[in-house]
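Notes follow the structure.
Residue numbers (our numbering): 12 to 269.
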């Protein structure tokens, strides 16, 4: 791990408790309040004040632990457009799939929020794992595998692309899902031009693009990419035939007497 990705912290392990102010949005009313949340480094559980419990309208007390599930309703989702992207994937004769290279690691985490990204590692890997041989590290950059990482990445891309500073911004804005981007068109050279614009645009926000595949054989040969079976948004895709492949498992069940 590099210094730009994580940092050591002097917080004690086992029983220490630190507090941070957090913003809670109740989904049905979109009401926003600021409350105090306590991070327990021993149990990795969040303790909450009654003010926070009242804000999300659940019956909790100071000593009890809570789990806040994902929001819906008035809080917008970043996954609503996955179906529309797959439909647009079939609307044009040429498509190019692109992803943002090491996308999550390009986003820095605010210092107050780093307490939510703890990692415990031994100080000396050759010795037994004891309390004295544990070092606490906090990620300074967003890491893969955290449940809110896709949302934060999508939010950042939407903020930058929403300005429409480049002719390609609007199309990418509509056809981006987390770190997957779809470029489309009817002409080989027009699609190549779109890709060139996208590659010029993303370095301005400190991100690089990595070309995956195209349904156009001329572009694949030009980029020297292997036209092997791949996936796009979880769906298997054969770029040679430009077919999406769906496989449905055979249901196995036992007959029951009624």
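By construction, the Cβ of each residue, glycine as well, lies at the ideal position given by its N, Cα and C atoms.
In this text, all values refer to a predicted model and were calculated from it rather than measured experimentally.
N- and C-terminal bounds of the beta strand (DSSP E) containing residue i
i	result
residue 146	145-150
residue 241	241-243
residue 180	Segment 180-185 is the alpha helix (DSSP H) holding residue 180; no beta strand (DSSP E) there.
residue 103	No beta strand (DSSP E) holds residue 103; DSSP gives it neither H nor E.
residue 196	191-196
residue 256	254-256
CA-to-CA distance, residue j to residue i, given in whole angstroms
i	j	result
residue 250	residue 257	15 angstroms
residue 293	residue 211	No statement about residue 293 is possible, as the shown extent of the chain runs from 12 to 269 and does not include it.
residue 111	residue 254	24 angstroms
residue 201	residue 195	9 angstroms
residue 222	residue 108	7 angstroms
residue 119	residue 151	6 angstroms
residue 123	residue 147	16 angstroms
residue 180	residue 207	12 angstroms
Residue i - containing alpha helix (DSSP H), residue span
i	result
residue 161	160-172
residue 94	93-100
Where residue i sits in the DSSP three-state scheme
i	result
residue 142	helix
residue 133	strand
residue 111	strand
residue 251	coil
residue 268	coil
Anticipated Cβ contact below 8 angstroms, residue i with residue j, distance rounded
i	j	result
residue 100	residue 243	7 angstroms
residue 164	residue 190	6 angstroms
residue 172	residue 184	4 angstroms
residue 229	residue 199	5 angstroms
residue 239	residue 247	Actually they are not in contact, since the Cβ atoms of residue 239 and residue 247 sit about 11 angstroms apart, beyond 8 angstroms.
residue 220	residue 209	6 angstroms
residue 106	residue 226	5 angstroms
residue 168	residue 96	Residue 168 to residue 96, Cβ: 14 angstroms. No contact.
*asked:* To test your reading of the DSSP string, which unbroken beta strand (DSSP E) runs of 3 or more residues are found completely within the segment 208-245?
replied: Here the runs fully enclosed are 220-225, 241-243.
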